[in-house]
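Worksheet: the structure to be examined is printed underneath.
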């Protein structure tokens with residue numbers, strides 16, 4: 001399979017991206033190949049500096065770059081030769097099987113929605129992240145920042161999307177799906193959460209996923225309550241950035257335990273755009289080569305698990 | 318001044334409460350006196366066991382207890398001799414100057430709203446907490462769990478309430494007030510946050526408080542952006558419980574730095590009910606004697622600073 005990578009993506013591109021791609025080589029399946037999208041000469045330069053043969057990669061020349069400050073929709077239309085636009089066109093045409101970028105999240109969402117497109121039946125595609133818990137498992141959180149005003153029906157669907165991701169990609173059996181709320185009782189929460197609880201409970205009774213009720217934020221990382229945590233993008237982004245801020249403080253004090261190290265974005269495999277007709281992974285703008293490597297591997301994992309087909313079937317049913 | 322304490326409040330009452338009251342004695346002002354509300358014999362028993370003279374306290378016999386599981390409104394009406402109801406009646410009658418309890422938050426809110434009552438002009442009273450930042454200051458967060466569905470106008474008022482608290486009680490000069498959001502730019506956030514930003518910006522321009530814009534959750538505890546963080550109770554409670562959960566994990570791994578210790582609820586002086594006509598402090602149900610002591614001292618501080626009068630004037634203006 002072919003994993004497309006945006007060589008222009010992230011604050012330290014193309015350096016960090018190409019280095020990350022080199023790091024990923026030894027962990028990728030024999031049948032997998034990395035396709036680098038970006039300025040050919042710049043990519044070759046980094047490869048040469050690293051003493052890595054260019055033949056280990058495919059390179060698609062895409063000399064333009066959508067910068068972090070660019071207007072997502074606007075730049076997607078005008079920068080036709082940018083790494084992101086060319087990458088998405090390759091993905092939509094089936095020339096690559098997944099696309100990963102640490103570039104403009106806005107532009108990546110435009111590509112996801114306009115070029116790859118939502119799956120039939122999905123009200124709102126979402127961005128999810130999988131983070132290690134203290135008990136050695138993984139917790140998938142969604143949405144983490146795209147849909148900041150969610151109807152309860154959208155949250156209910158996130159239960160399905162998260163459950164399919166957790167079982168297909170992470171190999172969790174009958175993943176426990178919970179609604180992020182400010183209390184365990186069903187009567188807790190704001191208006192949105194109360195209705196979402198009802199809908200998710202009904203989905204659970206219909207066997208669509210294993211709904212276990214509300215989860216309080218204090219339990220997200222214990223691994224004891226849920227494998228999939230559903231929330232709207234405002235709250236999810238809040239949770240993620242709070243963890244990021246506390247990690248930074250903890251790290252600055254030299255008090256990083258293995259648990260905290262697991263919350264480090266440099267370790268994370270990026271975030272997944274889910275509910276669209278292709279595999280798209282979004283990396284942190286500050287991604288290090290290690291983060292890029294993990295993003296590539298997580299993209300490969302999603303492709304290998306036939307995640308998109310599983311989700312498509314789930315929403316057709 | 319007279320600080321009323323609910324001897325029935327919390328999981329380890331009256332033991333932990335009375336012990337905390339004893340601990341508080343040495344730090345209280347000479348003119349301050351603690352009034353214990355609860356079962357007189359139980360209170361005397363703990364005092365005797367601790368070798369502490371009962372004459373150091375006033376005791377108001379209130380033999381009934383509103384339990385955590387009781388319906389707040391219902392129990393407030395039926396348990397007229399409970400420590401919480403008797404305490405609030407004393408507060409409303411001016412027989413005590415402040416009331417602190419680690420008991421049922423629901424019942425404490427009923428007392429705050431029905432007996433003490435909101436200040437004129439305050440749309441929604443709130444619960445706030447002040448937490449140490451990594452840079453040695455304090456950040457006041459509000460609302461942290463009462464108003465889970467806030468109109469933007471309510472958030473705008475929280476700017477005033479938080480600002481008055483931070484300046485009057487914490488002694489911060491022209492406290493920086495920020496709106497908790499998922500980005501720094503004014504265009505970020507959900508529908509609620511976008512409107513709240515406009516209203517808070519206008520309040521800032523009118524000189525009502527020092528509005529500094531949005532704050533991301535990653536910066537809450539750095540102390541670099543804001544002294545007062547405004548959010549709705551759903552998000553605020555989420556933030557607080559996430560910190561609590563991460564503290565528990567960090568503590569279980571023996572990796573508690575002084576910064577993390579500051580986030581420990583046992584150190585906290587409880588949360589403040591603000592925007593009502595009296596000083597009410599709510600402690601964590603699991604409060605230790607140390608936490609009770611801090612709650613008493615924070616209640617005394619609020620009384621001494623004439624917080625309620627300042628807020629009353631602010632909302633009359």
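Chains as they are written, first to last, in my numbering: chain A, 1 to 317; chain B, 318 to 634. By construction, the Cβ of each residue, glycine as well, lies at the ideal position given by its N, Cα and C atoms.
8 Å Cβ cutoff, residue 536(B) in contact with chain D: No chain D appears in this structure, whose protein chains are A and B.
Proximal residues to residue 250(A) (C-beta, below 8 Å), its chain only, five neighbours per side dropped: 256, 260
Residue 424(B) versus residue 589(B): straight-line alpha-carbon distance, rounded: 14 Å
Cβ contact check for the region 128-143 of chain A and the region 17-36 of chain A: 3 or more pairs under 8 Å: no
contact_flag[the region 194-213 of chain A, the region 100-116 of chain A] where n(CB pairs < 8 Å) is 3 or more: no
Start and end residues, alpha helix (DSSP H) containing residue 476(B): 469-485
DSSP three-state assignment for residue 576(B), whether helix, strand or coil: helix
Residue 477(B) beta carbon near the ligand ADP (any heavy atom closer than 7 Å): Because no ligand of any kind appears in the structure shown, any question about the ligand ADP cannot be addressed here.
Proximal residues of chain B, C-beta to C-beta of residue 294(A) below 8 Å: Here the premise fails: no neighbours, minimum Cβ distance about 21 Å.
Chain-ordered residues of the region 569-592 of chain B with a beta carbon less than 7 Å from chain A: 570, 572, 574, 576
Span separating the alpha-carbon of residue 455(B) from that of residue 225(A): 32 Å
Minimum Cβ-Cβ distance from residue 466(B) to chain A less than 8 Å: yes
Own chain, CB closer than 7 Å to residue 196(A), minus 5 neighbours either side, in chain order: 152, 155, 156, 179
Proximity below 8 Å, CB of residue 122(A) to CB of residue 305(A): no
Any chain B beta carbon closer than 8 Å to residue 246(A): yes
Chain-ordered residues of the region 206-217 of chain A with a beta carbon less than 9 Å from chain B: 216, 217
Residue 300(A) classed as buried or exposed, judged by whether at least 16 other C-beta atoms fall within 10 angstroms: buried
Start-to-end residues for the alpha helix (DSSP H) that takes in residue 250(A): 233-252
Segment contact, 8 Å Cβ cut-off, at least three pairs: the region 355-374 of chain B with the region 319-332 of chain B: yes
The region 391-401 of chain B / the region 357-375 of chain B touching (three or more Cβ pairs under 8 Å): no
8 Å Cβ cutoff, residue 22(A) in contact with chain B: no
Cβ neighbours of residue 620(B) in the same chain (closer than 8 Å, five flanking residues each side left out): 318, 320, 414, 415, 596
Residue 376(B) (DSSP reduced to helix, strand or coil): strand
Pair within 8 Å by beta-carbon distance, residue 464(B) and residue 443(B): yes
Proximity winner among 144(A), 314(A), 281(A), relative to residue 243(A) (alpha-carbon distances): 144(A)
Selection from 258(A), 253(A), 264(A) that minimises the alpha carbon distance to residue 240(A): 264(A)
Rounded C-alpha distance that separates residue 628(B) from residue 172(A): 53 Å
Spatially closest choice to residue 409(B) from 429(B), 419(B), 417(B), by CA coordinates: 429(B)
Length at least 4, wholly inside the region 393-439 of chain B: the alpha helix (DSSP H) runs in chain order: 400-409, 422-427
Check whether residue 149(A) and residue 508(B) have beta carbons under 8 Å apart: yes
Test item: CB-CB of residue 531(B) and residue 500(B) under 8 Å: yes
Run of the beta strand (DSSP E) containing residue 449(B), from where it starts to where it stops: 443-449
Residue 610(B), buried or exposed, once every other Cβ within 10 Å from all chains shown has been counted against 16: buried
Residue-chain proximity (residue 204(A), chain B), Cβ-Cβ < 8 Å: no
Classification of residue 236(A) by the beta-carbon crowding that lies within 10 angstroms, buried from 16 upward: buried
Residue 204(A) in three-state terms, based on DSSP: helix
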